[in-house]
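Colleague: Mind the numbering: the sequence shown is residues -23 to -1, 1 to 320 in mature numbering (1 follows the signal peptide of the UniProt record, and there is no 0), read in order. Glycine residues also receive a C-beta, built at the ideal position from the N, C-alpha and C atoms. No experiment lies behind these values; they were computed from the predicted model shown. The structure under discussion is supplied below as C-alpha cells; questions concerning it will follow.
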Amino acid sequence: MPTLRRVLLCVAAVLLAVPVLPAAARQPPTPPGAGEVTWSAVPAAADGPDGRRVVDLEVGSGQRVTEHIAVTNHSPRPVVFALDANDGYLTGTGVFDMRSAEVVPVDGGSWITLPDAVTVEGGATTVVPVVVTAPATATPGDHPAGVTASLDTLSGQVKVRNRVGVRFTIRVTGDVTTALAVSDVQATYEQTWNPFAPGTVHLRHDVTNQGNVRVAADIGVTSSTLFADTTWTDRGTARSREVLPGGTRRFETRDTRAWPFGRVTTTVTVTPGPADGRPDLPDATPVTVTVTTWALPVPQAALLALAALVVVAAKFRTRARRRRLEHLLARAREEVRAEAANA
C-alpha cells in the first residue's frame, strides 16, 4: 500500500506540473491565405459553364432576367467566396474593370442581385444565379457592369482583396445613338539622323464616346508633307479600341514615314465601329481633326552642308595643285633659259 500511495502522489505531481494550454493554442492552424487558393468565374447556364466570355443582355425597361455565373475552386479545400456586383469601366489601356466593393453602384451594377457569398468545395464548381432587373426609368443603350467572386487575405498588416469577375454588358432597348468626339490632339516629330530615312510623327489624342452604346474607335491618320502624303490605320482588334458610353480613352499612334521637309499636317479621322461583332452602327459619322507640326530637315541639311564642304575642299585642292604645277613649269622654263644663256 505505501508503494501504491507513492506512485499516485508522483502522478498527481506530474499532472500539476503540466501547464494548461489556452483555448487559442488548442485551435487548428489558420487556414491558408488567398495566395494558396486559386479560383475562376465564368458565364454559365443553370447547369454549368456555357463557353461565353461576356454576358451580353438585351432587356427592356422594367424587365427582369436571370443569368448565371460558375465559380470554380481550384484548391483542395472548401472556400467561402464573397460575391459582389458593381458598375464597370475601362482602364486607360482598354482593360475592363469594376468599381471596388466600397463604391456604391449607380448604373448597371445597381440592377444586379445575387447572394452575398458562396461556398465552393475543393475542386468543385458552383453555379450562382444572377438576377438583372432594369428599372422602369432605364435609358436606352449600354450599361456596363460586372460580378466578382473575391477572397480577402492579409499581406503583413494590410488587408488585400483578391477578386476575379465576369463582365456584364446590359443593353436597354430603344433608340441607339453613336457619337464620338476627338480632343487634346498633340503631334510631335521625332527626327532620325539618317538623312536617307524618314522621321516619325507621334500623335496622341483623346476619344470620348458621346453616344449611348459602346463602340470601337476606327482610327485613320494621314500625314502630309511638302512632297508626299502617308496614311496609317489602327489594325488593332475592336476590343482594344473599345470606348464605353460616357467614357474617354487616350490613343497614341505614329507615322514612321514622314519626311522632314518643313510643315507636317496630320489629319486624324475617327469613325465609330461595332465593338461587339454586331452589324454596323447607325449614324456612324466620322470625326476629323487636323493638327500641324514642323519638321526641319536637319540631317538632310547636314548632308548637303557636308557635300558642299567636300566640293569646296576639292576645288581648293585642285586650284592648289594647278598653282603648284604652274609654279614648277615656270621654274623649269627659267632653268632652261638660264642654261641656254650660259651655253
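#1: Quick check: what's the CA-CA separation for residue 264 versus residue 28?
#2: Does the pairing of the segment 29 to 36 with the segment 145 to 162 give three or more beta-carbon distances under 8 Å?
#3: Run through DSSP, which three-state label would residue 72 get?
#4: Taking all protein chains shown into account, decide if residue 228 is buried (16 or more other Cβ within 10 angstroms of its Cβ) or exposed.
#5: Pull up the DSSP beta-bridge partners for residue 198, would you.
#6: Evaluate residue 5 with the Cβ neighbour count: other Cβ atoms within 10 Å of its Cβ, from every protein chain shown; 16 or more gives buried, anything less gives exposed.
#7: Could you name the residues that DSSP lists as bridge partners for residue 58?
#8: Check whether the segment 44 to 60 and the segment 81 to 100 touch, using three or more Cβ-Cβ pairs below 8 Å as the test.
#9: When DSSP builds the beta bridges, which residues end up paired with residue 118?
#10: With DSSP run on the structure shown, which of helix, strand or coil describes residue 81?
#11: Give the secondary structure of residue 86 by DSSP, where H, G and I count as helix, E and B as strand, and everything else as coil.
#12: Tell me which residues share the same chain as residue 41 and place their Cβ nearer than 8 Å to its Cβ, disregarding the 5 neighbours each side in the sequence.
#13: Say whether the segment 176 to 193 touches the segment 237 to 257, bearing in mind that this needs 3 or more beta-carbon pairs closer than 8 Å, one atom from each stretch.
#14: At 3 residues or longer, and completely inside the segment 217 to 244: list those beta strand (DSSP E) runs for me, N to C.
Modeller: Taking the definition as stated:
#1: By 1-based counting over the sequence shown, the position of residue 264 is 287. By 1-based counting over the sequence shown, the position of residue 28 is 51. Approximately 37 Å, taken between the alpha carbons.
#2: Judged by pairs of C-beta atoms under 8 Å, the segment 29 to 36 touches the segment 145 to 162, as three or more such pairs exist.
#3: Here the question's residue 72 lines up with position 95 in the sequence shown. If DSSP states are grouped into helix, strand and coil, residue 72 belongs with coil.
#4: Start at 1 with the first residue of the sequence shown, and residue 228 comes out as number 251. A residue is called buried when at least 16 other Cβ atoms come within 10 angstroms of its Cβ; residue 228 meets this threshold and is buried.
#5: Against the sequence shown, residue 198 aligns to sequence position 221. In DSSP, residue 198 forms a bridge with 209 and 245.
#6: For the purposes of this step, residue 5 is taken as the residue at position 28 of the sequence shown. Low local confidence applies: a pLDDT of 35 at residue 5 is under 50, so the model's placement there is unreliable, with the coordinate-based value given in what follows. Counting the other Cβ atoms within 10 Å of the Cβ of residue 5 gives fewer than 16, which makes it exposed.
#7: Translated into the one-based positions of the sequence shown, residue 58 becomes position 81. Looking at the DSSP assignment, residue 58 forms a beta bridge with 95.
#8: They touch, by the three-pair rule.
#9: Position 141 of the sequence shown, counted from the start, is the residue given in the question as residue 118. Residue 118 pairs with 149.
#10: Indexing the sequence shown from 1 puts residue 81 at position 104. Three-state result, residue 81: coil.
#11: Along the sequence shown, read from residue 1 onward, the residue named residue 86 stands at position 109. Shown here, residue 86 sits in a helix according to DSSP, grouped into three states.
#12: Taking the first residue of the sequence shown as 1, we reach residue 41 at position 64. Answer for residue 41: 108, 109, 110 and 111, listed in chain order.
#13: With the rule of 3 Cβ pairs closer than 8 Å, the segment 176 to 193 counts as touching the segment 237 to 257.
#14: Residue ranges of uninterrupted beta strand (DSSP E) with 3 or more members, entirely inside the segment 217 to 244 and ordered along the chain, are 225 to 235.
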